[in-house]
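Engineer:
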Amino acid sequence: MRSRRVCFLSCIVVSGAICSPPAASAEDRSWIESSDRNSAIVIEMQGAFQPEFASELGVDRFDTAVLDLAPENAKRYDAAAGRVLELLSARRKAESDPRVRDDLDLLIDAVARRRHTRALEYRLLIPYFDLPRHIFEGLKVLLDARNGESRRRNALQRLRRYAGMEPGTAPLADLARARMSERFGAAELVWPYEGQVRQNLDNSERYIAGIAELFRSSALRDWEAAHARLAAQLRSHSGWVKTAVLPRARKEPMLPRELYADLLKTYGVDMGPEQAISMGAFAFTEIRDEAARLAARVARERNLASADYRDVIRELKRNPVPRDRILALYRDRLKDIEEIVVRERIISLPRRAAAIRLASEAEAAAVPAPFMNPPRLVGNRGEVGEFVLPLQNPNAKSSDPVDDFTAEAAAWTLTAHEARPGHELQFA
28 MRSRRVCFLS CIVVSGAICS PPAASAEDRS WIESSDRNSA IVIEMQGAFQ PEFASELGVD
88 RFDTAVLDLA PENAKRYDAA AGRVLELLSA RRKAESDPRV RDDLDLLIDA VARRRHTRAL
148 EYRLLIPYFD LPRHIFEGLK VLLDARNGES RRRNALQRLR RYAGMEPGTA PLADLARARM
208 SERFGAAELV WPYEGQVRQN LDNSERYIAG IAELFRSSAL RDWEAAHARL AAQLRSHSGW
268 VKTAVLPRAR KEPMLPRELY ADLLKTYGVD MGPEQAISMG AFAFTEIRDE AARLAARVAR
328 ERNLASADYR DVIRELKRNP VPRDRILALY RDRLKDIEEI VVRERIISLP RRAAAIRLAS
388 EAEAAAVPAP FMNPPRLVGN RGEVGEFVLP LQNPNAKSSD PVDDFTAEAA AWTLTAHEAR
448 PGHELQFA
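If you're matching positions, the sequence shown starts at 28 in my numbering and goes up one per residue.
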């Protein structure tokens with residue numbers, strides 16, 4: 028799912044309306060409007076098959092639609108992507124403005140890459156969907172407190188569509204089972220990884236509860252019956268996954284090499300897996316050596332018994348900040364960082380405060396680490412990104428408390444990376 032989101036966003040951010048400076052003159056805007064029209068072609072195609080990600084981008088006309096798992100969805104997507112590539116290529120040949128051609132090149136490359144990835148997935152893998160998480164995230168993007176009332180109301184119709192309660196719709200759980208089971212007989216296909224399936228099953232109830240929490244917080248009415256039906260469907264689906272998928276799941280996490288190499292490109296890594304592994308091992312050695320030097324300095328300053336970087340890290344994490352003080356800690360660190368940024372004249376900062384909040388249990392299950400929850404990019408009316416902090420890792424097998432993010436020393440790096448001057452300003 029994550030790779031689809033990255034590809035979809037990469038298709039859209041080339042839009043001139045997003046990338047251009049707001050003070051462009053009327054003459055300057057003509058090429059931007061041309062690029063917008065080209066981007067709209069891709070939005071329409073991607074949104075027809077993955078409307079939840081279009082909603083996340085801010086394209087609200089897809090807010091009531093749901094993931095296309097109808098029969099032959101893979102074949103239909105491939106045909107639609109092919110038509111889009113033909114149309115964009117024809118426009119590329121006829122276009123005289125080099126700026127529009129550059130944007131067309133980006134769009135063509137993004138659509139072609141995603142089409143190729145989906146073809147590989149269809150040829151190599153048994154289809155598999157973490158349906159509870161997908162539905163939770165599809166509703167969360169609409170019930171986000173930053174949205175207006177009309178977008179939040181759209182969540183009711185999307186919920187009913189997930190449950191198959193709207194005319195002409197079928198429960199998404201039924202469609203997911205059909206798309207998965209229709210390929211069970213293909214002996215050459217690779218099954219999903221056992222560890223992933225078990226983790227998804229463990230989190231299913233968290234997402235069901237998380238959906239209810241989202242609706243209760245929204246103040247919307249008359250969602251309970253649809254949620255109850257959807258919850259029953261998701262529980263039945265999880266039971267089916269446990270009996271039909273889990274026993275046949277592969278024991279090792281490795282993907283087929285061809286698909287893994289392709290997915291690296293999705294994330295911007297244009298080298299083979301072996302070269303990436305070699306470079307990663309070398310980079311780890313460099314980082315380890317840097318950590319050793321810093322650890323020796325910290326050990327001297329704090330009179331620690333050991334200067335080994337592992338021992339120093341343990342010492343820094345020895346006294347975690349209590350859960351009820353985590354939010355205050357990160358807000359204080361943000362103020363400290365902003366003072367440094369202003370004093371050293373590093374960059375200019377917005378006058379508004381940065382948003383920092385705690386993650387719900389369902390959010391922590393989906394992303395068990397601090398993250399930036401970006402605002403909508405299309406149709407933004409002043410919404411800003413949120414730095415989100417989980418207080419737990421529901422996926423952890425150990426009963427030990429999470430301490431990677433609760434140490435005072437960790438708050439500096441995480442705040443600078445996720446908030447300011449990092450991701451929060453990327454979406455400012």
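Beta carbons: idealized from backbone N, C-alpha and C, even for Gly.
Quantities reported herein were computed from a predicted structural model and do not represent experimental measurements.
When we look at the beta-carbon of PHE309 and count the other beta-carbons within 10 Å, is it buried (16 or more) or exposed?
Structural biologist: Looking at its Cβ environment, which holds fewer than 16 other Cβ atoms inside 10 Å, PHE309 is exposed.
Engineer: Would you tell me roughly how many angstroms separate the C-alpha atoms of ALA50 and SER177, rounded to the nearest one?
Structural biologist: Interpretation of ALA50 is limited by its pLDDT of 49, a score under 50 that renders its predicted location unreliable; the figure taken from the coordinates is listed afterwards. Rounded to the nearest angstrom, the two C-alpha atoms are 30 angstroms apart.
Engineer: For the beta strand (DSSP E) that contains GLU385, what are its first and last residues?
Structural biologist: Note that residue 385 corresponds to Leu in the displayed sequence, not to Glu. 382 to 385 is the span of the beta strand (DSSP E), which, as asked, contains LEU385.
Engineer: DSSP three-state label for ARG256, please.
Structural biologist: ARG256 falls in the helix class under three-state DSSP.
Engineer: Sort ARG352, LEU133, SER231, ILE373 by Cα distance to ALA393 and report the nearest one.
Structural biologist: SER231
Engineer: Excluding sequence positions up to five away, which residues of its chain have a Cβ less than 7 angstroms from the Cβ of PRO402?
Structural biologist: Same-chain partners within the cutoff: ARG173, GLU410, VAL411, GLY412, PHE454.
Engineer: Please state whether the Cβ-Cβ distance between ALA200 and LEU241 is less than 8 angstroms.
Structural biologist: No. Outside cutoff.
Engineer: Taking the alpha-carbon positions, what's the VAL429 to LEU404 distance?
Structural biologist: One Cα belongs to VAL429, the other to LEU404, and the distance between them is close to 33 angstroms.
Engineer: If you follow the beta strand (DSSP E) that PHE414 is part of, which residue opens it and which one closes it?
Structural biologist: PHE414 -> beta strand (DSSP E) spans 413 to 416.
Engineer: Give the range of the alpha helix (DSSP H) segment to which MET306 is assigned.
Structural biologist: That run of the alpha helix (DSSP H) goes 300 to 329.
Engineer: Between which two residues does the alpha helix (DSSP H) carrying ASN422 extend?
Structural biologist: Looking at the DSSP string, ASN422 is not in any alpha helix (DSSP H), and its letter there is neither H nor E.
Engineer: Just the C-alpha distance for TYR287 and ASP359, rounded to the nearest angstrom, thanks.
Structural biologist: Here the alpha carbon of TYR287 sits roughly 41 angstroms from the alpha carbon of ASP359.
Engineer: One question on the structure: do ILE353 and LEU418 come within less than 8 angstroms of each other, judged by their Cβ atoms?
Structural biologist: yes
Engineer: With a threshold of 8 angstroms on Cβ separation, who are the neighbours of GLU221 within its own chain once the five nearest residues in sequence on each side are excluded?
Structural biologist: Excluding the 5 residues flanking it on each side, GLU221 has same chain C-beta neighbours closer than 8 angstroms at LEU273, ALA276, ARG277, LYS278, in chain order.
Engineer: Touch check for the segment 205 to 220 and the segment 127 to 137: three-plus C-beta pairs under 8 angstroms?
Structural biologist: Contact check between the segment 205 to 220 and the segment 127 to 137: fewer than three CB pairs, one atom from each, fall below 8 angstroms, which does not count as touching.
Engineer: On the premise that ALA205 lies in contact with PRO198, defined as a C-beta separation below 8 angstroms, what is that separation, rounded to the nearest angstrom?
Structural biologist: 11 angstroms between Cβ atoms; not a contact.
Engineer: List the whole-angstrom C-beta distance separating PRO421 from GLU388, where the pair is believed to meet the contact cut-off of C-beta under 8 angstroms.
Structural biologist: 6 angstroms
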